Amino acid sequence: MSSLPDLTLYYFPGACSQAVRTTLHELSLPFKSVVVRFDANRELEAADGSLSAKEYRDQIHHSSYVPGFVITFPDGRKESITEAPAILSYLASLVPEKNLAGKTELEKAKVLSWIIWFAGTAHGSAFTPYWSPKRFVDVSDQKLKEGVEKGGRRNIEAAYENLEKRLQKSGGEWFVGDELTLADIYSYIIYRWGVKENFGMEKYKKYTEIVRKLEARESVKKTLEEEGIPAHFQ
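Quick note on the UniProt record's numbering: the sequence shown kicks off at 1 and runs consecutively.
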């Protein structure tokens with residue numbers, strides 16, 4: 001592990017950045033984490049004062065979101081990566097023997113398909129309009145605001161139903177086959193958001209079974225402890 005670069009995660013507790021933290025723990029990769037918070041203008045800044053909102057946007061994440069991820073190489077060169085699927089894929093490549101990205105080329109494609117779906121469909125097209133209608137419409141118009149929120153909620157329900165049907169059809173123990181992958185790790189926070197928003201997640205039987213198994217893993221336990229979030233089942 002001594003030849004690996006230094007890794008720094010910028011995160012917000014309970015956000016999609018949680019999947020990156022769990023992956024780091026699952027791979028036993030050493031890393032530093034920096035929690036972010038909203039400033040007076042609702043822009044993210046480092047909570048420890050190390051980065052202003054402008055510095056966070058300029059140096060870490062061009063859109064001022066999480067996860068932010070910085071790689072510092074032995075020669076001092078730094079690179080930032082944004083978007084959870086990209087970060088997760090990079091981390092899996094550092095410890096390929098763990099097969100978190102999948103074992104075969106087909107599995108790798110399926111894992112990538114899932115994590116892109118979580119980021120784009122479940123998060124971007126469903127939870128984002130539900131939680132942040134202002135990104136889509138002028139929220140001073142109450143009807144527009146409520147319309148976007150309702151559409152987001154419908155999309156969330158449709159996403160969970162789609163997910164459960166695909167899991168039932170696959171027949172595997174996890175999202176892709178019978179071994180843990182990045183898809184399972186990313187799925188955890190999507191499930192917890194559903195719990196938070198009272199979507200009755202236990203009705204999604206296979207998904208709930210996977211989440212129960214995830215909460216029994218040390219990587220998830222560590223993540224929840226570090227982010228100050230209680231487990232749902234354990």
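Yeah, the Cβ is synthetic: ideal placement off N, Cα and C, and Gly gets one too.
Quick caveat: nothing in here was measured; it's all calculated off a predicted structure.
Counting only the Cα atoms, S140 lies some 45 Å from L180. Between R37 and L100, the alpha-carbon positions lie close to 30 Å from each other.
Every alpha helix (DSSP H) of 4 residues or more that sits fully in the UniProt domain "GST N-terminal" (5–99) is shown, in chain order, as 18–26, 84–94. Apart from the 5 residues on each side of it in sequence, I116 sits with its Cβ closer than 8 Å to the Cβ of P85 in its chain, given in chain order. Just measuring C-alpha positions, the residue of V35, K205, L7 sitting nearest L27 is L7. Y207 is the residue among F233, Y207, G152, A46 whose C-alpha sits nearest the C-alpha of D184. Cβ-Cβ separation between V95 and S80: approximately 21 Å, too far for a contact (criterion under 8 Å). Within a 10 Å sphere around the beta-carbon of R154 sit fewer than 16 other beta-carbons, which makes this residue exposed.
Taken in chain order, the unbroken stretches of alpha helix (DSSP H) that lie wholly in the region 159–209 and span 4 residues or more are 182–196. Your pair T121 and A159 checks out as a contact, with CB atoms roughly 6 Å apart and the cut at 8 Å. Comparing C-alpha distances from A126 to each of T104, S132, I156 shows the shortest one belongs to I156. Taking C-beta atoms as the reference points, T22 and S187 fail to come closer than 8 Å. In the structure shown, V139 adopts coil according to DSSP, grouped into three states. P230 carries a coil assignment under DSSP once its states are collapsed to helix, strand and coil. Annotation: the continuous alpha helix (DSSP H) that includes S113 extends over 105–117. Taking 8 Å as the cut-off, the beta carbon of T223 is found no closer than this to the beta carbon of H61.
C-alpha of P230 to C-alpha of V66: approximately 21 Å in a straight line.
E45 and G147 have their C-alpha atoms some 31 Å from each other.
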